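*Asks:* Would you mind keeping the following structure in view while I ask a few things?
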Amino acid sequence: MQSICLLLGLFADAISASPLGQQPLGHISPTELPAGQLAEGLRKPVRGRFLHITDFHPDRLYKPGTSIDRSCHRGDGPAGYFGAEGTECDAPLSLANETFRWIEENLKDEIDFVIWTGDSARHDNDEKHPRTADEIMELNAFLSQKWISIFGEEEVRGTSNVVPKMSIPVIPTFGNNDMMPHNIFNEGPNKWTKRFAEIWNQFIPEDQRHTFVEGGWFTAEVVPGRLAIISLNTMYFFDSNSAVDGCNAKSEPGYEHMEWLRVQLKILRSRNMKAILMGHVPPARSSEKKNWDETCWQKYTLWMHQYRDVVVGSFYGHMNIDHFMLQDSNKVNIDSKAHGKVSINSKADYLESLRNQWSSLPSPPPGIFEELDSISNLGDLSSEVEPVKKDKRGKKKEKKKQKFLDKIGGPWAERYSVSLVSPSLVPNFFPSLRVIDYNITGLDDVARRVDLFTHAVDDTASGLDAEIDTPETSDDSLIPPEIQKKKKDKDKKKKPKFKVPEPPSSTAPPGPAYSNQAFTLLGYTQYYSNLTKLHEQIAAGEQGDNPRIDYEIEYTTNDDVYQMKDLTVRSFFQLAARIGEEGAEEKQSDVNSQDADWSSNKKKKPVNGIWRAFLRRAFVGFPVDDLDDLDE
Ligand SMILES: *[C@@H]1O[C@H](CO)[C@@H](O)[C@H](O)[C@H]1NC(C)=O
Ligand SMILES: *[C@@H]1O[C@H](CO)[C@@H](O)[C@H](O)[C@H]1NC(C)=O
Ligand SMILES: *[C@@H]1O[C@H](CO)[C@@H](O)[C@H](O)[C@H]1NC(C)=O
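Using the UniProt record's numbering, count along the sequence shown one by one with no gaps and you end on 632.
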């Protein structure tokens with residue numbers, strides 16, 4: 001313990017001395033008491049489960065019975081009590097209230113922390129009622145207060161000192177609609193980072209406040225000494241934020257953010273810790289949709305690859321559709337035509353473009369995954385598939401397998417990383433939330449939260465500044481080709497303009513995103529509420545004076561359709577490959593008209609049931625026939 005604290009102290013100093021003003025890892029509600037003095041009762045074992053919820057979009061102007069063409073603010077129309085499901089209307093407060101009640105009654109004692117990925121204010125979509133900055137902050141404060149009402153506690157320190165704190169960490173980030181004008185976010189510190197720092201006072205670890213005000217990003221250590229959440233400010237990566245320009249120029253906040261992320265991951269590696277990343281805008285990048293500036297995507301994908309021993313997974317919102325994406329560390333140059341907002345139709349186009357990407361994934365030889373699974377079940381972490389047969393045919397088979405493994409970055413598919421996108425609470429389809437399970441092997445005596453010990457952040461120690469400022473590696477093979485090309489054009493010996501992170505040590509076992517171990521994501525349960533059904537019940541007088549929302553299970557990742565034994569990158573690779581199957585023939589088809597009819601089999605070609613399930617789940621089970629009627 002002492003050496004860890006010392007190390008952290010050294011790093012802390014090195015970092016705060018850097019021009020970026022970076023701070024080390026954050027601690028939820030640090031305590032002045034040394035470890036031993038905390039009451040036993042405060043130790044809470046990890047449960048291996050957390051909540052991801054996103055895009056609430058609460059709207060105080062929402063009125064049931066109004067027109068969906070008038071933002072559900074006025075006129076006569078079908079806007080329902082808990083929201084206008086399947087429309088672009090924002091959410092009534094009743095939906096937020098009932099969702100928090102449901103969380104309190106069903107999840108409160110089940111989860112270790114909450115990932116809350118932004119867009120916590122209404123859209124600026126009513127010219128009769130333009131938003132104000134105060135309204136945005138008030139709505140954010142309203143939701144923050146709800147979290148505090150569920151998870152807030154008071155801690156008595158010493159004789160009379162009562163300190164408010166959270167029983168579990170809630171980790172926020174802001175979305176592109178949590179500012180004015182929406183999408184536009186300047187370099188920090190700015191009025192938004194300052195105001196959010198106040199509203200999220202209970203959520204941002206004390207020693208991260210300065211960092212947050214500077215850049216809108218922070219780190220929270222949610223399992224002491226083991227797991228940290230890194231809250232990214234994706235506004236600096238977001239292509240639609242015209243106030244900034246990507247991640248390559250040193251003057252850009254995106255550059256600074258990537259540097260900060262690199263240092264955080266480096267510190268976590270040195271402490272043998274793992275990280276979950278979260279943000280609002282996901283790194284979507286396909287022929288139909290590009291969310292991030294290309295320079296940011298490249299760095300992110302490179303960072304994810306180099307720190308593949310540290311990063312457990314990453315969670316995003318913003319797109320309101322349930323899906324995932326694979327970042328391919330071998331790819332940087334694809335033509336991307338799309339910018340800006342996607343319409344409903346192009347949401348389907350976007351999903352199809354993902355499928356097209358996935359249908360060109362290296363195609364797995366039959367039985368390879370079963371074989372790999374049986375090897376990892378035996379606990380053999382070595383990276384070779386055992387050669388079994390010696391005859392010619394067997395050898396050929398082995399060669400094919402090896403070739404496939406070489407293509408995907410070895411038996412753990414380390415060429416790829418995964419980003420998960422949760423669908424929204426605002427009922428663009430049905431309101432939805434996600435509970436993720438993770439592996440807690442060997443964490444029996446580890447407690448949640450960081451009230452067990454404090455790291456003394458020693459501001460006087462020094463010595464690592466120089467180390468942190470030197471380029472970490474010159475391994476050209478891992479530098480994106482585009483940058484490599486530039487290098488070659490200039491000077492073969494010249495280093496890239498930015499620091500390329502060191503890869504995992506050659507003896508390091510694969511990280512939790514790749515092989516099942518402590519903190520590996522095991523699966524998730526997607527919950528939704530069928531508002532159509534609920535509104536029918538309300539209309540029939542079956543819900544009484546206080547209608548209630550009940551979230552039910554939409555699907556789980558280990559069900560008969562997805563069949564994911566865990567959420568490792570290889571499992572996502574398998575799922576993506578299965579969704580991509582038969583893609584070549586079907587990709588011309590119109591998703592809305594043909595694939596919308598889930599049950600029938602109009603096509604002559606064999607139906608890819610997984611692709612259909614993926615689409616249905618993308619829209620949270622909302623009937624997609626109605627998608628044609630929507631305009632975003
Ligand atoms: C939601 O809860 C707040 C208190 O947090 C309350 O003031 C408000 O009236 C509730 N609104 C609805 C529509 O239930
Ligand atoms: C968690 O990881 C360990 C390996 O460290 C493995 O033996 C165990 O089966 C995993 N647990 C689950 C539920 O997958
Ligand atoms: C939601 O409820 C409606 C009305 O009861 C029903 O027709 C529909 O099938 C339900 N949808 C799902 C996904 O359960």
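Cβ atoms here follow ideal geometry from the backbone N, Cα and C, with glycine treated the same way.
Because the structure is a prediction, the values reported are computed rather than measured.
So, with DSSP's three-state summary, where would you put Gln202?
*Replies:* coil
*Asks:* Beta carbon of Pro501, beta carbon of Lys266: below 8 Å?
*Replies:* yes
*Asks:* With a cut-off of 8 Å on the beta carbons, I'd call Asp322 and Val620 a contact; round off their distance for me.
*Replies:* So it is a contact: roughly 6 Å between Cβ atoms.
*Asks:* What is the C-beta distance between Gln327 and Tyr416, in whole angstroms, given that I count them as a contact (C-beta under 8 Å)?
*Replies:* 7 Å
*Asks:* Comparing the CB of Gln543 with every heavy atom of ligand 2, is any distance shorter than 7 Å?
*Replies:* No, ligand 2 has no heavy atom inside 7 Å of this Cβ.
*Asks:* Helix, strand or coil: which one does DSSP assign to Tyr81?
*Replies:* coil
*Asks:* How would you write the range of the alpha helix (DSSP H) that Val611 sits in, first residue to last?
*Replies:* The sequence shown places Trp at residue 611, rather than the Val named in the question. Residue range 609 to 618 is occupied by the alpha helix (DSSP H) that includes Trp611.
*Asks:* How would you label Gln574, buried or exposed, when you count the other beta carbons within 10 angstroms and need 16 or more for buried?
*Replies:* buried
*Asks:* Quick one: is residue 652 buried, meaning 16 or more other Cβ sit within 10 Å of its Cβ, or exposed?
*Replies:* Lying outside 1 to 632, the shown extent of the chain, residue 652 is not represented and no answer is given.
*Asks:* Could you give the distance in angstroms between the alpha-carbon of Ser571 and the alpha-carbon of Pro510?
*Replies:* 15 Å
*Asks:* Just checking, does the region 113 to 122 make contact with the region 520 to 540 on the three C-beta pairs under 8 Å criterion?
*Replies:* Flag = no, the region 113 to 122 and the region 520 to 540 do not touch.
*Asks:* Which residues in the same chain have their Cβ closer than 7 Å to the Cβ of Tyr307, if we skip the five residues on either side of it in sequence?
*Replies:* Leu265, Arg269, Pro501
*Asks:* Gln563 to Tyr555, Cα distance in whole Å?
*Replies:* 11 Å
*Asks:* So, for Pro172: in the same chain, excluding its five sequence neighbours on each side, which residues have a beta-carbon less than 6 Å away from its beta-carbon?
*Replies:* Here the set comprises Trp116, Trp200, Phe203.
*Asks:* Determine the direct distance from the alpha carbon of Cys296 to that of Ser363, and round the result to whole angstroms.
*Replies:* 29 Å
*Asks:* Just to check, is the beta-carbon of Gly621 closer than 7 Å to a non-hydrogen atom of ligand 3?
*Replies:* Set against 7 Å, the gap from the CB of Gly621 to the closest heavy atom of ligand 3 is smaller.
*Asks:* In chain order, what residues of the same chain lie with their CB nearer than 7 Å to the CB of Gly80, ignoring the 5 residues before and after it?
*Replies:* Within the same chain, Gly80 has close Cβ partners Pro64, Leu531, His535.
*Asks:* Examine the Cβ distances between the region 168 to 185 and the region 234 to 242 and report whether three or more of them are shorter than 8 Å.
*Replies:* yes
*Asks:* I need the boundaries of the beta strand (DSSP E) containing Asp328, first residue and last residue.
*Replies:* 323 to 328
*Asks:* Is it right to say Ala133 is buried, meaning 16 or more other beta carbons lie within 10 angstroms of its own, or is it exposed?
*Replies:* exposed
*Asks:* State buried or exposed for Val411, treating a residue as buried only when at least 16 other CB atoms are found within 10 Å of its CB.
*Replies:* The identity of residue 411 in the sequence shown is Pro, whereas the question assumes Val. Flag for Pro411 reads buried.
*Asks:* Taking 8 Å as the threshold (C-beta atoms), are Ala91 and Leu420 in contact?
*Replies:* no
*Asks:* Can you tell me the Cα-Cα spacing of Asp178 and Ala121, whole angstroms?
*Replies:* 6 Å
*Asks:* Check whether the region 94 to 112 and the region 205 to 218 touch, using three or more Cβ-Cβ pairs below 8 Å as the test.
*Replies:* no
*Asks:* Output the boundary residues of the beta strand (DSSP E) element that contains Leu227.
*Replies:* 227 to 231
*Asks:* Quick one: what does DSSP say Asp475 is sitting in, helix, strand or coil?
*Replies:* Model confidence at Asp475 stands at a pLDDT of 44, short of 50, so the residue's coordinates are unreliable and nothing is read from them.
*Asks:* Any heavy atom of ligand 2 closer than 7 Å to the CB of Gln563?
*Replies:* no
*Asks:* Indicate whether the contact test is met: 3 or more Cβ pairs, each with one atom in the region 544 to 554 and one in the region 402 to 410, closer than 8 Å.
*Replies:* no
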